[in-house]
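A.B. asks: Once you've had a glance at the structure underneath, I'll fire off some questions.
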Amino acid sequence: MKATKSNPIEHLNAELAYQKAILGSVSRTFALTIPLLPPAIEVVVGNTYLLCRIVDTIEDAANLQPETKQHLSKLFLDAVLEKSSVQSFVEPCLRALHGYGNPDELDLIAHTPTVLRILHTCTLQDQAAVSRCVSIMSEGMSRFHSKQSQMGLKDLTEFEEYCYVVAGVVGELLTTIFSNHSSEFARNFQGQENLALDFGQALQMTNILKDSPEDRARGVSWKPAGMTQLDLLRIAHIKLEASMQYILRIPKKDIGIRRFCFLAFGLAVMTLSKIAQREQFNNKDEVKLSRKTVMTFYVFTKFGASSNTLMKIFFRIAAKDLPKK
Numbered sequence: 001m002k003a004t005k006s007n008p009i010e011h012l013n014a015e016l017a018y019q020k021a022i023l024g025s026v027s028r029t030f031a032l033t034i035p036l037l038p039p040a041i042e043v044v045v046g047n048t049y050l051l052c053r054i055v056d057t058i059e060d061a062a063n064l065q066p067e068t069k070q071h072l073s074k075l076f077l078d079a080v081l082e083k084s085s086v087q088s089f090v091e092p093c094l095r096a097l098h099g100y101g102n103p104d105e106l107d108l109i110a111h112t113p114t115v116l117r118i119l120h121t122c123t124l125q126d127q128a129a130v131s132r133c134v135s136i137m138s139e140g141m142s143r144f145h146s147k148q149s150q151m152g153l154k155d156l157t158e159f160e161e162y163c164y165v166v167a168g169v170v171g172e173l174l175t176t177i178f179s180n181h182s183s184e185f186a187r188n189f190q191g192q193e194n195l196a197l198d199f200g201q202a203l204q205m206t207n208i209l210k211d212s213p214e215d216r217a218r219g220v221s222w223k224p225a226g227m228t229q230l231d232l233l234r235i236a237h238i239k240l241e242a243s244m245q246y247i248l249r250i251p252k253k254d255i256g257i258r259r260f261c262f263l264a265f266g267l268a269v270m271t272l273s274k275i276a277q278r279e280q281f282n283n284k285d286e287v288k289l290s291r292k293t294v295m296t297f298y299v300f301t302k303f304g305a306s307s308n309t310l311m312k313i314f315f316r317i318a319a320k321d322l323p324k325k
């Protein structure tokens with residue numbers, strides 16, 4: 001799309017419509033949760049998710065060598081930070097991903113200029129937060145490209161570092177953006193920044209455990225070597241407890257933020273509980289939540305997110321199968 005001087009608002013609306021549409025194509029879960037946020041926050045969080053999805057796409061490309069992934073990640077980061085043109089990333093990335101199996105993710109990469117133009121309509125504070133997040137994620141993932149193996153990550157410390165660069169930093173980003181738009185939220189989280197890390201890492205641990213059969217099939221494991229599924233579920237439960245505290249601190253007047261966080265949290269709890277009920281599983285579809293379960297919980301968040309008591313009751317019941325510390 002090319003901007004026209006005569007209709008800049010119409011052009012921006014078209015680009016925002018693309019952002020909303022492609023979000024639904026690359027992630028059904030976040031397409032459900034992100035629209036719960038207030039409009040200004042919805043735009044920047046949706047935009048950030050798409051930027052992070054581009055980084056993930058490079059990481060997920062099984063046919064690319066680690067050196068190629070590192071090169072593409074650097075080109076992408078330079079484009080985000082405006083150190084080089086966007087096309088200097090898009091063209092070589094699409095060439096490298098020729099034959100990649102997900103056309104929606106390829107379309108997203110082709111529209112990187114659109115995504116970055118939307119980012120530049122956000123406040124300078126929000127832009128700075130997004131740039132920090134994408135920088136840490138992109139550079140962090142580049143370090144881990146060469147660590148992909150069937151043996152898994154070296155130890156728990158390396159595992160937590162990986163969870164930080166792919167998700168903990170997103171928890172920090174969300175907290176910064178929410179604070180930028182809500183002074184009461186900012187006050188409630190002074191000195192409680194670690195809760196944001198736990199919130200992001202709990203969601204990432206859910207993905208790692210859920211996707212482990214598919215990762216194993218392509219010769220990769222993101223689990224720490226020597227640790228069992230039970231060990232990881234126990235750690236995840238600790239991080240979920242901290243995540244619950246994170247959500248309880250969100251001001252009730254910021255109900256959109258509360259629903260966004262509670263919905264993502266609840267889906268993670270229920271997924272981990274399904275995993276905990278199995279000693280092993282061979283496909284993530286075996287532990288995938290049904291659409292009916294997702295939509296029922298979505299409706300529940302409409303009133304549940306405004307009640308600390310209801311959220312605590314949900315967590316206690318939904319997490320009953322998770323191993324405790």
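If you're matching positions, the sequence shown starts at 1 in the working numbering and goes up one per residue. Ideal Cβ placement from N, Cα and C applies to all residues, glycine included.
For the alpha helix (DSSP H) holding residue 162, just list the boundary residues, first then last.
C.D. replies: It spans 156-163 - the alpha helix (DSSP H) in which residue 162 sits, taken as one unbroken run.
A.B. asks: Helix, strand or coil: which one does DSSP assign to residue 224?
C.D. replies: If DSSP states are grouped into helix, strand and coil, residue 224 belongs with the strands.
A.B. asks: Taking 7 Å as the limit between beta carbons, can you name the residues of its chain near residue 117, skipping five residues before and five after?
C.D. replies: The residues are 15.
A.B. asks: Would you kindly work out how many angstroms separate the C-alpha atoms of residue 9 and residue 49, rounded to a whole number?
C.D. replies: Spanning the two alpha carbons is a distance of roughly 23 Å.
A.B. asks: Which whole-angstrom value describes the C-beta separation of residue 248 and residue 194, a residue pair presumed to lie in contact below a C-beta threshold of 8 Å?
C.D. replies: Not a contact, Cβ separation roughly 15 Å.
A.B. asks: For residue 98, count the other beta carbons within 10 Å of its own beta carbon; 16 or more makes it buried, fewer makes it exposed. Which is it?
C.D. replies: So residue 98 ends up on the exposed side.
A.B. asks: Is there contact here, the stretch 161-170 with the stretch 132-145, by at least three beta-carbon pairs under 8 Å?
C.D. replies: Segments in contact, yes.
A.B. asks: Between which two residues does the alpha helix (DSSP H) harbouring residue 49 extend?
C.D. replies: First-last of the alpha helix (DSSP H) with residue 49: 39-60.
A.B. asks: Thinking C-beta only, is residue 109 closer than 8 Å to residue 57?
C.D. replies: Cβ atoms of residue 57 and residue 109: closer than 8 Å.
A.B. asks: Less than 8 Å between the beta carbons of residue 126 and residue 44, yes or no?
C.D. replies: The answer is yes: Cβ separation under 8 Å.
A.B. asks: According to DSSP, is residue 310 part of a helix, a strand, or is it coil?
C.D. replies: If DSSP states are grouped into helix, strand and coil, residue 310 belongs with the helices.
A.B. asks: Quick one: what's got a C-beta closer than 6 Å to residue 196's C-beta in the same chain, skipping five residues either side?
C.D. replies: Hits under 6 Å: 171, 172, 175.
A.B. asks: Which of the three DSSP states, helix, strand or coil, is assigned to residue 368?
C.D. replies: Within the shown structure, residues of the chain are numbered from 1 to 325, placing residue 368 beyond reach of any answer.
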